Structures are given as C-alpha cells and as structure tokens.
Amino acid sequence: MFRFDNYLTLSSEFIPSVQCIWQDHIMGTAMFVVTRKLRALKPVFRAQRQKRGDLSNNVKLAADSSTTCYIRGLRLHDEGWDQCSRIFFRKEEARSLLVPVTSDEIKQAVFDIDETKAPGPNGYSSGFFKAAWPIVGREVTRAIMDFFVTGRLLKQVNSTLISLIPKISNPTVVAEFRPMSCCNVLYKVITKILVQGMRGILDSLISPSQNAFVPGRSIGDNILLAQELFYGYHQQHLPPRCALKVDLRKAYDTVEWDFLHAVLILFGFPEQFIGWIVECVTTPSFSVCLNGSPHGYFTGARGLRQGDPMSPAMQLCQLGFADDLLLFSKADTSSVHVFKRALTVFADLSGLQANLHKSHLILSRSAAPLRDTLLAILDFQEGHLPLRYLGLPLLASRLSVADCQPILQKIDGRIRGWYGIMLSFAGRVQLIQSVLSALQGSTDVGYAKVAWQQVCRPASEGGLGIHDLQALNKGLMSQHLWRVITADRSSIWVDWIFIIGFGISLFGWIGDGTSFSLWHDPWHTLGSLILQFPLGPRHNSIPDFALLCMVLMGGDWSWPPITNMESIGITHSLPPIHGGNDCIQWSGPGGTFSSAAAYDVFCPPGPKVGWSSLLEGTFKIPRHRFILWMLFQKLISTCSLPVLMRQHVCKQYGGRFLFVALTPIGRHWSSIGHRSDGGESILSTLRSKRYWLH
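Position 193 of the sequence shown, counting from 1, maps to 193 under full-length UniProt numbering, and the rest follow consecutively.
Spelled out as structure tokens, the structure:
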C-alpha cells in the first residue's frame, strides 16, 4: 500500500520529479488524466523513499540505537559515580569480608562476650568457655571455622530462648513485655565475627542522617540538628513547617527476610558473605522462657532477634536508621502526601509499618490552619513541643530551667535516696564517682568543709578526683565545636552549621596565611590581636579585614615597621610558619584534640602534693583513705574529746594529736609495715616537713 511521506517534499528531487511526470501527455477526461499521473508518480516516490530508507524503519532503528547509547551512557555514569563514591571502595574491600577466619579472631570474640550475659538454650555462658578454653578451645575453633567453610548452622546452635523483659513496673498483657533473645555462645561468636567484618564499611552504607551504632559518628549530632530544625516553630511569621516523628511497629520482629536479602544484594555484598548472614537470620528456632523454664518450640518466619549481636547492623542496613525517625517538611498537602506514599511503599516492601498510636505530626505555629487536613492525610497523632528525642527534650526556643526539671528531679531523687542508708563521706564519694558520674552533689545549700574546687582536683593534687561538671560540660561542647572548626563534613549537623554561616577560628598551623584573619583570629600566642591592640589596624596601616598572608613573604614574617610602642608586642612570640596550606591545630599539649584535653583547659592541672601516694598506695579501704585525706586538709574533728584535753592539747596539735602525738597510736603507725614512696615509715612521713601542713 502506497502512502506519500511529507518529508519527500523537502528533497531537492521532489519538484523535478513531479514536473517530469506531469508533462506527459495522457488522453482522457481531466479526472482520468490526474489519476493516471498520480499513479505514475508512485514508483518515483517509492524509489526515493527506498533510497533514503524506510522512515518508520529508520525511526525504529534510531530509537533502538538511542536506547542502546542511553543505557551505555547511564552505565558509564553509574560506574563513574561508583568510582567517586565510597561504594567503589567498598567493592574493593569486599575481599576483606571473605578472608579466612583465624583462631585468634575466634578466641577474641569468645573472650569479648561478657560472662554475666544470659546463656542460650544449652545453658552455657561465655564464662565456661573462657575458663575451659585450654581444653575446649581447639574443638570450638574448628566448629566455628567449619561454618565459614560450609555456610551451614546446626539447628542446636541457632536455637534461641526468648526472655520477656517488662517494659513497665506492673505488666498485665504480653504487649507490655519486650522479647529478648538469649542466643548460644557459639552463635554469638559467629555473628560477632561477621559484624566485625562489616564494621569498617558501615559508614559507607548507612545514610549520614543515622549516627547511632555506626563507628566514628556521634549520636549527639542528631540531637543538635533536630534542635536547630525545630527552632522557631513557635513563631507566627515564619513559613509553615511540620515534622513527623515515626515509630515503627515491632521494627525488629516484622521485617521480611526477602527484603533484607534484597538490600544486601543491592549494597553489593559478596554472595558468600550474604549466604552466611542469611543462614544466621533465617534458621532460628525459639522457646519461651517462663518462670525460669523453657516452653514450646517453633521456628521463625521473619524478623530479627533483639539480643543477636548482628541485629543492629542488619537493622541499619535495611532501614538506614535505628529508631526515633524524624522527617521534616513544608506544611502543605503535597509534601505530606509524599511522606504518606513513601511510608506505604516502604511498608509493602519491608513489612515495617508506622505505629499510628505512637507516631506524631508536629506543626509549627504558622501551620495551624492546615492542622486538621494534614492529620487526616497521615492519620497520626498530633505532637507538641517539647518533644523527647533520643532521651532529651527538643524545643522551639532555648532550654529553660523548667524544661530541665524532669532530669533535675531524677538526680535529686537519687541523691536523697542516700539519706536513708547512712552513708559515710567516703561512701558518698564512691557513689558520686560511680553512680552519678561527675554530679556536683545535692541541691541543698549548707556548710562545706572543703571548697568544691579543691574536691574536684585529682587525687595527685590533693582532691577527691570528682569531675567539675561545669568544666566537663564545656569540654564536651568543645568537642562539637572542634568538629565544625576542622570541617568534618561527614556530619549533616556540621554541614548545617556551615550552611547557616557559623564561623569560628582557633589556633592553627600557619601555612600560606590565606585562611586566617590577621586581626580577629587567635593565631597569635597573645590570642586575637584586635582584643589586645584595638587600634592596631590604624597604627600599622593594615586594614581590619586583612588576611594573615598580608604579613607573610617568602615563607617568613614581613611586618611593616612598627610606629607605635603599644603595638610593639605584636612582633614578639610569633608562631612558626610551616608552609603549605593552613590547617587547624589544637593548641594544647600534644597537638591532638580530645574532650579530656579540653577539660584540662577549663580545669587546668595544679601543683602535685607529695602525700597523695599514701592515699593511693597504702590505704586500700575508701573510708580510711578519706579520713587520712581529711587529716591532710586539717579538717579532722576533735570535739568528742574531753573539754580540758581540747583546750590544752587540741589547740596545739589539732588532728595531729590523734595520729602522731598520742603514744599508743604513734606506736601503731610505726608498726605498719607499709612505707611511703620515699622509703620512710608512715609515721615519719606524717612528721616530715614535706608532708605536714602548717
């Protein structure tokens, strides 16, 4: 069937071909002549079309060629991104996941398991294997290695005892218990080895929005970022915003194994490694422990086990987060519909669904008119600030004392509980150090025998070794600031701080001077020069906005002539120039930042006391150490002695009377065999001028 293609009119042969045929002389009616000439043109146009190629076929060929080129380009594009991304390096490191397990690794995994952990169904804790390792170690090692060769677990090894842990004080229904899996030690050793292999690559797999359970990340970043994003929710003039706090129903128990398998394949784990994980995850059997006895026996069909060392890593791989998911968005129907669809698709694929009773939608004040509409879309509960996230309250403004009252009440309640157990001062010190960890005591105000600053000194400096809470808090906050200063851009919170324009400088490693402000950054040993020399820019004819490179030349300092005596101190104690690019360096000892190093800055070390060795080495009982510490502080009370003795003896000797002056007690001290670090007896040590306080 002939069909004229319009594109033939664009050909240079079109008009001449038509003219050639139309000039032919044909007999008949006018209509007959036209039809004959049109018929005569058909072979001509067929030839032209064949010469150019069939259009529909050419379109199909072009489409196929374009598709092939497009797919090839996408593949090259993906390979390029893989090479640039950390996934490329993970593929290179895949071999490390398949390195044969050594006997030392197996022994280390066994000895890393706390012997106080509940045993599995076979009843053996890690304490048995540790104590009997010289006897059982060889066979246990062979059994573990056999799994990594065959990829098969015995049913007895992967059997699990479910222990029900109450979530509340008086549980009445099953939902108020948390099922914890007590696995056999052999199984724990296998999964600990698998997790250890994954530990180095989790950072490249897990989204930067998840910080818990990932080595090298700080969970505190999520709290800081969430607080920044909630800031201003109480203000009417800001654009409407909303946040979703999503709680997944039984996240460990309901995940589909097929979904987990597909995720591991997508991430590119080696097939053999995936086989090991799938064997561990999909072959458990369970019994429920009730009143100390196992009951029932059944196999699993989905889910991960809480108590399995491998479960947190698997949870992160499949979800990208562990718990307490926060989603932020504009407060409009289209954005909330996107969240709704995403949660629905995710539930269909993974089996994990949002718990509508525990999930909340938090709206900013300016989004109040859309409240009912948005809640109807999600079917979530409405949430309000302050909102608890990772154990801490999030607010739209600064924290107030009232917001911190729940924490303060818990601390105060713990301290007041000590009153009923008649603790000595030494006992209180032990509780502060072990239970409250750097707490500065009770909220009551009373007479203090020793200044708190002295109590917070290390034992070697005459204190009790209790941390100064204020200095400790500043040290921990400095750790976050240091990450911003050193541009650790792997954290979303750090990226956020850079986006909003946060700027801070610290003493640095001076290279080319292009990164430091001459007058405002504390690169000088004197600190910020603008604070020391407010008129420095004017007196030295150097602009206030000048960079440090303006006074560097050829890798050396090149200051203009000093014309003012006030500024002459600038050229003294200049730091060295190291060349290369500028970089931030911690100015404390060692040049390496840590929260402990920052604590030493806010609570500087003081002079050592010679008698600290007595407290640390000679006296093992805390009460005795504390009494001796009080003696050296000249705070031993002697009011219980007779009045006459207090008047004539205690005024002269004070606490020394009890420990040195009384002859029987003095003989007792002399009889103690322990000696001080200086080689003297304790009695002579107490009498010596080096250790005596006047």
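Quick reminder that beta carbons are idealized off the backbone N, C-alpha and C, glycines included.
All values reported here derive from a predicted model rather than from experimental measurement.
Proximity to residue i [Cα-Cα], best of the options
i	options	result
residue 700	Leu547, Leu290, Asp600	Nothing can be reported for residue 700: it is not among the residues displayed for the chain, which extend from 1 to 694.
Leu361	Leu352, Leu370, Leu375, Asp348	Leu375
Leu481	Leu469, Met198, Ser595, Gly465	Ser595
Val329	Gly391, Ser126, Tyr233	The sequence given here places Ser at residue 329; Val does not occur at that position. Residue Tyr233 is the option with its Cα nearest to Ser329.
Met145	Ile165, Leu476, Ile190, Trp257	Ile190
Ile15	Leu628, Phe45, Leu548	Phe45
Ser478	Gly28, Thr254, Phe593, Leu97	Phe593
His539	Leu394, Cys183, Pro560	Pro560
Pro121	Thr141, His295, Glu279	His295
Leu395	Ile135, Ala226, Asp104, Ala175	Ala226
His384	Leu327, Ser364, Ala30	Ser364
Ser293	Lys188, Gly28, Pro119	Pro119
Pro406	Gly391, Ser397, Arg398	Gly391
Asp512	Glu139, Phe545, Met553, Val173	Met553
Sequence-distant residues of its chain with Cβ nearer than 6 Å to residue i (five each side left out)
i	result
Leu343	Ala354
Leu41	Ile21
Ala438	Reliability fails at Ala438, whose pLDDT of 38 lies under 50, so the model's placement of it is uncertain and no value is given.
Ser460	Lys608, Ser612
Trp81	Bear in mind that a pLDDT of 45 at Trp81, under 50, signals an unreliable position, so the number given afterwards is only what the model happens to contain. Correct list: empty, nothing qualifies.
Ala94	Pro270
Gly462	Val609
Beta carbon proximity, residue i to chain C, threshold 7 Å
i	result
Ala301	Reference to chain C is not applicable here, since this structure consists of a single protein chain.
Residues near residue i by beta carbon distance below 8 Å, same chain, minus five either side
i	result
Thr333	Leu370, Thr373, Leu374, Ile377
Ile26	Phe32, Val33, Arg36, Lys37
Pro386	Pro393, Leu394, Leu395, Asp403
Val445	With a pLDDT of 47 at Val445, under the threshold of 50, the modelled position of this residue cannot be trusted; read the value that follows with caution. No residues qualify anywhere along the chain.
Gln272	Leu98, Gly151
Terminal residues of the alpha helix (DSSP H) in which residue i lies
i	result
Phe346	333 to 350
Leu374	371 to 378
Ser595	595 to 602
Gly413	405 to 416
Lys155	Neither: Lys155 is in no alpha helix (DSSP H) and is coded neither H nor E.
Cys456	No alpha helix (DSSP H) contains Cys456, which DSSP labels as neither H nor E.
His261	257 to 267
Pro607	Element bounds for Pro607: n/a, residue is neither H nor E.
Leu97	94 to 97
Phe105	Contrary to the premise, residue 105 reads as Glu rather than Phe in this sequence. Run containing Glu105: 103 to 112, per the alpha helix (DSSP H) assignment.
Bridge-paired residues (DSSP) for residue i
i	result
Trp557	Leu552
Arg199	Looking at the DSSP assignment, Arg199 forms no beta bridge with any residue, so it has no partner.
Phe533	None; Phe533 has no bridge partner.
Glu382	Leu361
Leu65	Per the sequence presented here, residue 65 reads as Ser, with Leu not at that position. Bridge partners of Ser65: none, in fact.
Gly275	BP columns for Gly275 are empty, so no partner.
Val288	Ile162, His295
Ala354	Leu248
Tyr389	Leu392
Gly527	His524
Leu229	Beta-bridge pairing links Leu229 to no other residue.
Tyr49	As written in the sequence, residue 49 is Arg, which differs from the Tyr given in the question. Looking at the DSSP assignment, Arg49 forms no beta bridge with any residue, so it has no partner.
Ser517	Leu547
Arg241	Lys330
Nearest-angstrom Cβ-Cβ length linking residue i and residue j, presumed shorter than 8 Å
i	j	result
Ala402	Ala367	Between Ala367 and Ala402 the Cβ distance is about 25 Å, and since that is not below 8 Å, they are no contact.
Leu548	Leu518	5 Å
Lys358	Asp247	4 Å
Phe177	Pro166	6 Å
Cβ shell of residue i (< 7 Å), same chain only, five flanking positions each side left out
i	result
Thr525	Ser573, Pro575
residue 713	This structure gives no information on residue 713, because the portion of the chain shown stretches from 1 to 694.
Cys289	Leu161, Ile162, Ser163
Leu238	Gly232, Ser364, Ser366
Pro458	Gly465
Val278	His261
Val551	Leu518, Trp557, Ser558, Trp559
Asp308	Ser181, Cys183, Thr191
Phe4	Phe45
Ser311	Tyr252, Leu304, Arg305
For residue i, the first and last residue of its enclosing beta strand (DSSP E)
i	result
Val149	Val149 -> not in any beta strand (DSSP E); alpha helix (DSSP H) instead, spanning 133 to 150.
residue 695	In the structure displayed, the chain extends from 1 to 694; residue 695 sits before or after that span and is not available.
Ile165	159 to 166
Phe177	177 to 183
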